[in-house]
Amino acid sequence: MVARKHDDATLVEVMMGRSNAKAAALLGLDIRNVERHRARLIGLGLLQPASAPVEVSAAGETFVITCALNATKAHAGFMKSLQLYCSMRGARLMVIPLRYQNPTSRDAKRDDEWWDSRLVPYLVSERTKIARDLIVLADIKTQPTAVNPLQKWQTVTGTASAIIGHPKIALKTVATNPGVPAKLVMSTGACTVENYSDTNAGASGKFHHTLGAVVVEVDGPRTHIRHICPMKDGSFIDLATKYTVKGAEPAPRAEVLTMGDIHAEMASPIVTQATKELAELIRPKALVLHDVLNFGSASHHAKFFEKFRRHVSGTSGVLHELKVTARHVDLLSGFADKTVMVNSNHHDHFTQWLEKAEHALDMENTLVFHETKAAMLRAIHEGSYCDPFQYWMDKLMKHGDRLLWLKPGESFMRHGIEHGWHGHKGPNGARGSTKSFATIGAKVVKGHSHGAEIIDGARSVGTSSLMDMGYNTDSPSGWTWTHDITYANGKQTLIHCVGGTFFRRDAAAARGAAA
């Protein structure tokens, strides 16, 4: 692009009230020069800095945000599918331009300050507030080869959630004040093809480069956010619809829906109902459940006053909690063909309770204690295995035949993604975390943390329980009501329950979901 010369008066007139991208198009300059001119004019006092992000949101709007590297072709199939999606959903496509300088280039002076012409109409370079609680950080030009694209940007938007342009998909929750929903900070994925140097950083960038975008549905005061990730041909699934270069069609049934940790006696009725609606839409073949049994009735974590409170409220009986749990699992098991019960640390609390002899003198729970312990001893004597939680669910549930119980260490793999690990035990016996599971190579969907997170190939769901579990009442919380969908094509998305639903219910969303 040949740079044009303009006096300061012209620059001020064009830049005032316009984004850098629009000003660049009118002035015939590249975006970097416009950014430099804007900074210079602000320093001279000729142009006022923006006191707040540009606001473009309106109730009922839909946005699709991705990023693009300079001097790189857009992925043709993905762009066509995205344009179809935006047309059908009435969505606005926003492309955050990023710059990558190839240090191994033989022509260091070549002009790399350009973006694929198909992307130019959608380029956005200003910090943009697209919802009451969500800001697109389009003014931040992350390094495309950065290993952790979210580093340093978790607090820049205050209490609002943030979307950052980067070709590697990452997501993290940030703890907020008690009673305030946790904020989400995430990166987008890219709409351009791989184009990296043969350096160490370039090889890392190429490995983590992911085609993708973030869908944002503004629903009045609520905001629904999820990722879309295409196949090599550019086609992708969003909820119940598959979008391709040839058109839209009903998507096959989802492979797996992994719920946030259940904690049945403290399950949120809001999340349960919203999950039912989500399951009816995506029709999952398998439902994966973590921490189904809370075992608060006799947990080793409960101290004297908590135990007395439960005694007074009539919730200190283990059998009572098991019956509540059985009814809840009966309900959830109708959401899919198969319900997978993942071995979890709260299930282990039942076994730990049975291990301690002093609990044999607990008169309220003595029948459950001795019956369960006898069943386990008998199984050991016969050379078999008895899961105390499974033992009681088999006795109390109406639809226990719908369940698949995973033994400790047992796998549940779909599309090369491990869904059978709860996450409380990490590699080599260490305590588990999303970060530790990101190092093992295989893709993993885990629970345990109660907060949504994506680090490399590891994903953590949130919780399906009440946000106030007692022990977390007075501390900042990063908990979220988050599930994970593994689609029929093997692609995934974390999906969050906001305002009693996982997606916007209006006509625009319905058209996109049922096309």
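Numbering-wise (UniProt numbering), the sequence shown opens with residue 1 and increments by one. By construction, the Cβ of each residue, glycine as well, lies at the ideal position given by its N, Cα and C atoms.
Length of the line joining the Cα atoms of residue i and residue j
i: Ala298; j: Ser316; result: 7 Å
i: Ala108; j: Ala203; result: Reliability of the predicted coordinates at Ala108 is poor, the pLDDT of 48 falling under 50, and the value obtained from them is presented with this limitation in mind. C-alpha separation (whole angstroms): 20 Å.
i: Thr142; j: Lys356; result: 54 Å
i: Thr176; j: His370; result: 44 Å
i: Arg106; j: Asn472; result: With a pLDDT of 46 at Arg106, under the threshold of 50, the modelled position of that residue is not reliable, and the figure given next carries that caveat. Cα-Cα distance, rounded: 57 Å.
i: Asp330; j: Tyr385; result: 24 Å
i: Asp123; j: Tyr85; result: Residue identity check: residue 123 is Leu in the sequence provided, not Asp. Answer to the nearest angstrom: the Cα atoms are 18 Å apart.
i: Gly441; j: Ala274; result: 33 Å
i: His6; j: His37; result: 10 Å
i: Thr173; j: Ala267; result: 21 Å
i: Leu287; j: His419; result: 10 Å
i: Gly462; j: Gln83; result: 31 Å
i: Val445; j: His328; result: 23 Å
Candidates the options, of which the one nearest residue i by Cα
i: Asp362; options: Asp387, Trp392, Leu319; result: Leu319
i: Val95; options: Gly212, Asp133, Asn365, Lys242; result: Gly212
i: Ser161; options: Lys168, Val180, Val120, His290; result: Val180
i: residue 516; options: His347, Pro408, His424, Gly423; result: Here the chain has residues from 1 to 515 only, and residue 516 is not among them.
i: Thr140; options: Ile164, Met16, Arg118, Asp133; result: Note that residue 140 is Ile in the sequence shown here, rather than Thr. The residue with the shortest Cα to Cα distance from Ile140 is Ile164.
i: Phe350; options: Lys338, Leu322, Ser333, Val342; result: Leu322
i: Lys285; options: Ala146, Arg402, Gly500; result: Arg402
i: Ala190; options: Thr210, Lys183, Met413; result: Thr210
i: Val271; options: Phe503, Val12, His359, Ala74; result: Phe503
i: Asp506; options: Asp133, Arg222, Gly77; result: Arg222
i: Pro167; options: Ala146, Gln154, Ala23; result: Ala146
i: Ile135; options: Ala91, Val445, Leu47, Ile225; result: Ile225
i: Arg127; options: Thr157, Ala442, Ser117, Asn33; result: Thr157
i: Ala240; options: Arg283, Met15, Trp153; result: Arg283
i: Ile31; options: Lys80, Glu61, Leu11, Glu113; result: Glu113
i: Gly260; options: Glu410, His483, Ile228; result: His483
i: Ala76; options: Ser475, Asn294, Asp116; result: Asp116
Where residue i falls: helix, strand or coil (DSSP)
i: Arg283; result: coil
i: Tyr243; result: strand
i: Met413; result: strand
i: Val180; result: coil
i: Asp456; result: coil
i: Pro388; result: helix
i: Ser464; result: coil
i: Asp111; result: coil
i: Glu61; result: coil
i: Val312; result: helix
i: Gln154; result: coil
i: Glu126; result: coil
i: Met79; result: helix
i: Asp369; result: The sequence shown places Phe at residue 369, rather than the Asp named in the question. Residue state, collapsed to three classes: helix.
i: Ala201; result: helix
i: Lys398; result: coil
i: His496; result: strand
i: Cys67; result: strand
i: Phe236; result: strand
i: Lys307; result: helix
i: Ile380; result: helix
i: Val147; result: coil
i: Ser433; result: coil
Exposed unless 16 or more other CB atoms sit within 10 angstroms - verdict on residue i
i: Ala510; result: Because Ala510 carries a pLDDT of 46, less than 50, the predicted location of this residue cannot be relied on, and no value is offered for it.
i: Asn195; result: buried
i: Tyr487; result: buried
i: Gln101; result: exposed
i: Pro230; result: buried
i: His381; result: exposed
i: Gly234; result: buried
i: residue 526; result: The requested residue 526 does not occur in the structure, where the chain is confined to residues 1 to 515.
i: Phe308; result: exposed
i: Ile428; result: One detail in the question is off: residue 428 reads as Asn in this sequence, not Ile. Flag for Asn428 reads exposed.
i: Arg310; result: buried
Check whether residue i and residue j have beta carbons under 8 Å apart
i: Ala264; j: Val218; result: no
i: Met88; j: Ala248; result: yes
i: Trp479; j: Gly500; result: no
i: Phe236; j: Lys491; result: yes
i: Lys425; j: Gly416; result: no
i: Ile454; j: Ala170; result: yes
i: His290; j: His422; result: yes
i: Leu47; j: Val12; result: yes
i: Ala279; j: Phe207; result: no
i: Ala458; j: Thr493; result: no
i: Ile228; j: Val245; result: no
i: Leu404; j: Lys338; result: yes
i: residue 582; j: Pro97; result: Since the first residue of the chain shown is 1 and the last is 515, residue 582 is not available in this structure.
i: Asn345; j: His496; result: no
i: Ala326; j: Met376; result: no
Closer than 8 Å to chain C by CB, residue i
i: Ile65; result: Among the protein chains of the structure shown there is no chain C, as only one such chain exists.
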